[in-house]
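Colleague:
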Amino acid sequence: MGKGLPKRSEDYSQWYNELVKKADLAEHSAVRGCMVIKPYGFSIWEKMQAALDKMFKDTGHTNAYFPLFVPKSYLSKEADHVEGFAKECAVVTHYRLKNAEDGSGVVVDPDAKLEEELIVRPTSETVIWNTYKNWIQSYRDLPLLINQWANVVRWEMRTRLFLRTAEFLWQEGHTAHATKQEAIDETVQMLNVYAEFAEKHMAMPVYKGVKTESERFPGAIDTYCIEALMQDGKALQAGTSHFLGQNFARAFDVKFADKEGKLDLVWGTSWGVSTRLMGALIMAHSDDDGLVLPPKLAPIQVVIVPIFKNEEQLNAITEVVDKIQAELKALNISVKFDTRDTNSPGWKFAEYELKGVPVRMAIGPRDLENGTIEVARRDTKEKEVVAVDGVVKKVQDLLEDIQENIYKKALHYRESNTTKVDTYEEFKSVLDGKGGFVLAHWDGTPETEEKIKEETKATIRCIPVDAPEESGKCVYSGKPSGRRVLFARAY
Numbered sequence: 013m014g015k016g017l018p019k020r021s022e023d024y025s026q027w028y029n030e031l032v033k034k035a036d037l038a039e040h041s042a043v044r045g046c047m048v049i050k051p052y053g054f055s056i057w058e059k060m061q062a063a064l065d066k067m068f069k070d071t072g073h074t075n076a077y078f079p080l081f082v083p084k085s086y087l088s089k090e091a092d093h094v095e096g097f098a099k100e101c102a103v104v105t106h107y108r109l110k111n112a113e114d115g116s117g118v119v120v121d122p123d124a125k126l127e128e129e130l131i132v133r134p135t136s137e138t139v140i141w142n143t144y145k146n147w148i149q150s151y152r153d154l155p156l157l158i159n160q161w162a163n164v165v166r167w168e169m170r171t172r173l174f175l176r177t178a179e180f181l182w183q184e185g186h187t188a189h190a191t192k193q194e195a196i197d198e199t200v201q202m203l204n205v206y207a208e209f210a211e212k213h214m215a216m217p218v219y220k221g222v223k224t225e226s227e228r229f230p231g232a233i234d235t236y237c238i239e240a241l242m243q244d245g246k247a248l249q250a251g252t253s254h255f256l257g258q259n260f261a262r263a264f265d266v267k268f269a270d271k272e273g274k275l276d277l278v279w280g281t282s283w284g285v286s287t288r289l290m291g292a293l294i295m296a297h298s299d300d301d302g303l304v305l306p307p308k309l310a311p312i313q314v315v316i317v318p319i320f321k322n323e324e325q326l327n328a329i330t331e332v333v334d335k336i337q338a339e340l341k342a343l344n345i346s347v348k349f350d351t352r353d354t355n356s357p358g359w360k361f362a363e364y365e366l367k368g369v370p371v372r373m374a375i376g377p378r379d380l381e382n383g384t385i386e387v388a389r390r391d392t393k394e395k396e397v398v399a400v401d402g403v404v405k406k407v408q409d410l411l412e413d414i415q416e417n418i419y420k421k422a423l424h425y426r427e428s429n430t431t432k433v434d435t436y437e438e439f440k441s442v443l444d445g446k447g448g449f450v451l452a453h454w455d456g457t458p459e460t461e462e463k464i465k466e467e468t469k470a471t472i473r474c475i476p477v478d479a480p481e482e483s484g485k486c487v488y489s490g491k492p493s494g495r496r497v498l499f500a501r502a503y
C-alpha cells in the first residue's frame, strides 16, 4: 500500500492534511469550511467522548440538550460575550424558501422574515443561562451541574480539518453555584479532569494554567486551560474551563434564595473540549508512516493478519485465532481478524500501520506448526515471535506498555523543547530556532503582551498554575516580574 505521506520534517502542514485524509479520519465537505468525519475518525471521537462522559458523571454532572438557535437579543445581554463572538456568528434571517418565478430554482421568500434573527450557537452560555432562570429559585436547586454534547458554528475564514472548522463537535459544561468559592473549585476541578484525560487517555502531557486577560473567554472572570506541544514546536490549546463569576447570572437575572431567604445572584462556570482534540492526538504522536494511536483511544487495538494460500490454510489459522480473539474480547480488548483475500499481507501491514493500530499479529502455516505467532507494536515497530498459548497475556502487557511509552516519548519531547530565557534576543532566537514552549518573565501588561505577539507571533499560552514565585525582569520591557509565563507560537 503506497502511503504517499510527505515527511514531517519537510512539510509538517501537508503531512498533517494528507494523514487525516489517507487514514480515513475526515474529509472536506461540500459546505465550505465544514468537514465530514469518517467512520474511523468518528470511532476515535466516540472513545474520547465515552471516557470524558464517564469522568463528567463521576464528578456529579448530568447531560442535557439545549437549542441550536440563540435569539440575537440574548447575545446583547452580556457585553464582553457579544463582542467576543460577533464576528464569528452565522445568522438565520428567514424561515421559508419558494420557487423563483423564472424557474431558476429556490429563493428566499422575502415575506418569511423572522421578527428576530437567530444565531446558530457559537457557544451556549446565553441560551442556557436564560433557561437556568426558570430552574433556579432556591439554594436547594444548587449546585446545578449540566453538560451537553453538541455541535457549534463559528464562521472561520481559514479552516483546517479538526483544528479549525466552521462547524465542530464538542461538549460544553455549564454549572451554577451558591458561592464564589464553589464555582472556582468547579472550574479548577474540570481543568484537572481535562488534564487527566489528556495525559491518561491521549498520552499527551499538558501544562495547566490561567489565561491572560486578553486571551480570556468573552464574559469570563478567569479562563483556565491545558496547553500541549505538537511535534512541529507549536502549542495547541486542548481544553478550557471558565470561572464566569456572576456575569451571566446578572445578565439573565438568575437569582436564588439562600437559607435565610435572602436573594442573591448565582455563580457560574463553563468548560469545554472539542474535536480539536483529534488534531492534537494526530500531531502529538504520529510519524512519517501514519497514525500512532494510544491503545486507550484506538478503535482497533489489535489486528490479526492471516498469511494463507488457500481456504484449507485459512480454516486452520481461523481455528487458532478464534480462541485468541475470544480471550482478548473477554478482556475488553478490541480486535480485528482481517481475512480479506483481495489484498496481500504486506498491503494490510502498511494499512494498519497508517491507521495507527497499536498491535499487529501475523500468523501463517509455519507459525501453526511451531505454535507461535508474530507480534509487532506500532509505536517502536519492534517485532517478536511469541508462543500462541502466551500471546493474550503478551498483548495485554504490550498495550499497557505502548500507552506508557507514547506518553513518555511526548513528555521527553516537551521537556526538550521547553526553554527558560532571560533576554528578548534569547526569546526570539529560541522561537525562530527549535520553537516549543518558552518560559519568560512578563511585566503583566496587555501592551507588552501585544507588542511581543506583533513582533514574534508568539502568545502567552498561560500563566502555569504551578509557576513558582521568582523575581525577574520582563524580557521585553525590563520592568519587574514576579514569575515566568509560558509563551509559544500556536495553532
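Numbering (our numbering), first residue to last: 13 to 503. Think of the CB as a built atom: it goes at the ideal place given N, C-alpha and C, for glycine as much as any other residue.
Is H424 helix, strand or coil when you go by DSSP?
Modeller: For this step, residue 424 is matched to residue 412 along the sequence shown. H424: helix per DSSP, three-state reduction.
Colleague: Taking the alpha-carbon positions, what's the Y77 to P134 distance?
Modeller: Working through the sequence shown from its first residue, we reach residue 77 at position 65. Working through the sequence shown from its first residue, we reach residue 134 at position 122. Their backbone Cα atoms lie some 15 Å apart in a straight line.
Colleague: For the region 291 to 306 against the region 361 to 372, do three or more pairs of beta-carbon atoms, one drawn from each stretch, fall closer than 8 Å, so that the two count as touching?
Modeller: yes
Colleague: Excluding the 5 residues preceding and the 5 following V118 in the sequence, name in chain order all residues of the same chain whose CB lies nearer than 8 Å to its CB.
Modeller: Position 106 of the sequence shown holds residue 118. For V118, where only same-chain residues beyond five positions count, the Cβ hits under 8 Å are L109, K110, N111, A112.
Colleague: Per DSSP, what are the beta-bridge partners of T384 in this structure?
Modeller: On the sequence shown, position 372 is the one that residue 384 refers to. In DSSP, T384 forms a bridge with A399.
Colleague: Classify V48 as helix, strand or coil using the three-state DSSP reduction.
Modeller: The residue labelled residue 48 in the question sits at position 36 within the sequence shown. It is a strand residue.
Colleague: Below 9 Å between beta carbons: does that hold for I319 and I375?
Modeller: On the sequence shown, residue 319 is found 307 positions in, with the first residue counted as 1. On the sequence shown, residue 375 is found 363 positions in, with the first residue counted as 1. Yes, the pair counts as a contact, with Cβ atoms nearer than the cut-off.
Colleague: Closer than 8 Å: is that where the CB of Q61 sits relative to any heavy atom of the ligand HEM?
Modeller: With respect to the ligand HEM, the structure offers nothing, as it holds no ligand at all.
Colleague: Would you kindly check if the distance between the Cβ of R20 and the Cβ of C237 is under 9 Å?
Modeller: Here the question's residue 237 lines up with position 225 in the sequence shown. Here the question's residue 20 lines up with position 8 in the sequence shown. Cβ distance not < 9 Å, so C237 and R20 don't count as in contact.
Colleague: I need the boundaries of the alpha helix (DSSP H) containing P83, first residue and last residue.
Modeller: In the sequence shown, residue 83 corresponds to position 71, counting from 1. Looking at the DSSP string, P83 is not in any alpha helix (DSSP H); the run it does join, the beta strand (DSSP E), is 81 to 83.
Colleague: In chain order, which alpha helix (DSSP H) runs of at least 4 residues are fully inside the region 253 to 286?
Modeller: 259 to 263
Colleague: Would you mind stating whether T435 and W57 have Cβ atoms separated by less than 9 Å?
Modeller: Counting from one through the sequence shown, the residue named residue 435 turns up at place 423. Counting from one through the sequence shown, the residue named residue 57 turns up at place 45. Taking 9 Å as the Cβ cut-off, T435 and W57 do not qualify as a contacting pair.
Colleague: Please state the DSSP three-state secondary structure of E437.
Modeller: What you label residue 437 is simply residue 425 of the sequence shown in a count that begins at 1. Looking at E437 - three-state DSSP - the assignment turns out to be helix.
Colleague: Can you name, in chain order, every residue of its own chain whose Cβ lies under 7 Å from the Cβ of P18, other than the five neighbours on each side?
Modeller: Here residue 18 is taken as the residue at index 6 of the sequence shown, counted from 1. Q26, W27, E30.
Colleague: Between the Cα of T224 and the Cα atoms of M202, S136, H254, P217, which residue gives the shortest distance?
Modeller: Here residue 224 corresponds to residue number 212 of the sequence shown, with the count starting at 1. Of M202, S136, H254, P217, the residue nearest in Cα terms is H254.
Colleague: Among Y24, L37, E22, which has the Cα closest to the Cα of L2?
Modeller: Nothing about residue 2 can be reported from this structure: the residues present for the chain run from 13 to 503 only.
Colleague: Kindly give me the distance between the Cβ atoms of Q325 and P377, rounded to whole angstroms, as I take these residues to be in contact under 8 Å.
Modeller: Numbered from its first residue, the sequence shown carries residue 325 at position 313. Numbered from its first residue, the sequence shown carries residue 377 at position 365. A Cβ-Cβ separation of about 5 Å places Q325 in contact with P377 under the 8 Å criterion.
Colleague: Pull up the distance between the alpha-carbon of L87 and that of V165, whole angstroms please.
Modeller: As a working mapping, residue 87 is identified with position 75 in the sequence shown. As a working mapping, residue 165 is identified with position 153 in the sequence shown. Roughly 15 Å between the two C-alpha positions.
Colleague: Looking at C-alpha atoms only, which residue of A124, L173, N159 is the closest neighbour of W141?
Modeller: By 1-based counting over the sequence shown, the position of residue 141 is 129. Among A124, L173, N159, the Cα nearest to that of W141 belongs to N159.
Colleague: Alpha carbon to alpha carbon, how far is M13 from A502?
Modeller: The count along the sequence shown starts at 1 and reaches residue 13 at position 1. The count along the sequence shown starts at 1 and reaches residue 502 at position 490. Because the pLDDT of M13 is 48, which lies under 50, any placement of that residue in the model is unreliable, and the number read from its coordinates should be weighed accordingly. Spanning the two alpha carbons is a distance of roughly 34 Å.
Colleague: Taking the alpha-carbon positions, what's the A399 to G383 distance?
Modeller: One-based indexing of the sequence shown puts residue 399 at position 387. One-based indexing of the sequence shown puts residue 383 at position 371. So the two alpha carbons sit approximately 6 Å from each other.
Colleague: From N259, F229, E272, pick the residue whose C-alpha is nearest to that of T252; which is it?
Modeller: Counted from its first residue, the sequence shown places residue 252 at position 240. Closest option to T252, Cα to Cα, is F229.
Colleague: What three-state label does DSSP hand H213 in the structure shown?
Modeller: Locating residue 213 in the sequence shown gives position 201, where the first residue counts as 1. Here H213 sits in coil by DSSP.
Colleague: Name the DSSP beta bridge partners of E179, please?
Modeller: On the sequence shown, residue 179 is found 167 positions in, with the first residue counted as 1. V165, per the DSSP bridge assignment.
Colleague: Determine the DSSP secondary structure at G14, reduced to helix, strand or coil.
Modeller: By 1-based counting over the sequence shown, the position of residue 14 is 2. Any answer about G14 is weak, because its pLDDT of 47 lies below 50 and its placement is not dependable; what the coordinates show is given next. Reduced to three states, the DSSP call for G14 is coil.
Colleague: When the distance is taken between beta carbons, is H189 closer than 9 Å to E198?
Modeller: Here the question's residue 198 lines up with position 186 in the sequence shown. Here the question's residue 189 lines up with position 177 in the sequence shown. Less than 9 Å separates the beta-carbon of E198 from that of H189.
Colleague: Determine the contact status of L309 and A35, defining contact as a CB-CB distance below 9 Å.
Modeller: Along the sequence shown, one-based indexing puts residue 309 at 297. Along the sequence shown, one-based indexing puts residue 35 at 23. No, these two residues do not count as a Cβ contact at 9 Å.
Colleague: On the three-pair Cβ rule with 8 Å, is the region 424 to 435 touching the region 386 to 405?
Modeller: Touching, no.
Colleague: In terms of DSSP beta bridges, what is R495 paired with?
Modeller: Residue 495 sits at position 483 when you count from the first residue of the sequence shown. R495 pairs with nothing; no bridge assigned.
Colleague: Taking the alpha carbon of T187 as the point to measure from, which residue in H213, R172, W279, N163 has its own alpha carbon closest?
Modeller: The sequence position of residue 187 within the sequence shown is 175, counting from 1. Among H213, R172, W279, N163, the Cα nearest to that of T187 is on W279.
Colleague: Closest to N429 by C-alpha separation, out of L410, E416, V347, F449, would be which residue?
Modeller: One-based indexing of the sequence shown puts residue 429 at position 417. Residue F449 is the option with its Cα nearest to N429.
Colleague: Just the Cα atoms here: how many angstroms apart are G257 and A263?
Modeller: By 1-based counting over the sequence shown, the position of residue 257 is 245. By 1-based counting over the sequence shown, the position of residue 263 is 251. Approximately 12 Å between the Cα atoms of the pair.
Colleague: Roughly how many angstroms lie between the CA atoms of C101 and D334, to the nearest whole one?
Modeller: The count along the sequence shown starts at 1 and reaches residue 101 at position 89. The count along the sequence shown starts at 1 and reaches residue 334 at position 322. Cα to Cα, the separation comes out at about 53 Å.
Colleague: Between D478, M202, I385, which has its C-alpha nearest V332's C-alpha?
Modeller: What you label residue 332 is simply residue 320 of the sequence shown in a count that begins at 1. Minimum Cα distance to V332 is reached at I385.
Colleague: Which of the three DSSP states, helix, strand or coil, is assigned to V404?
Modeller: On the sequence shown, residue 404 is found 392 positions in, with the first residue counted as 1. Correct three-state label for V404: helix.
Colleague: Return the CA-CA distance between T235 and H106, expressed in angstroms with no decimal places.
Modeller: Within the sequence shown, residue 235 is the residue found at index 223, counting from 1. Within the sequence shown, residue 106 is the residue found at index 94, counting from 1. Each residue's Cα considered, the two are about 36 Å apart.
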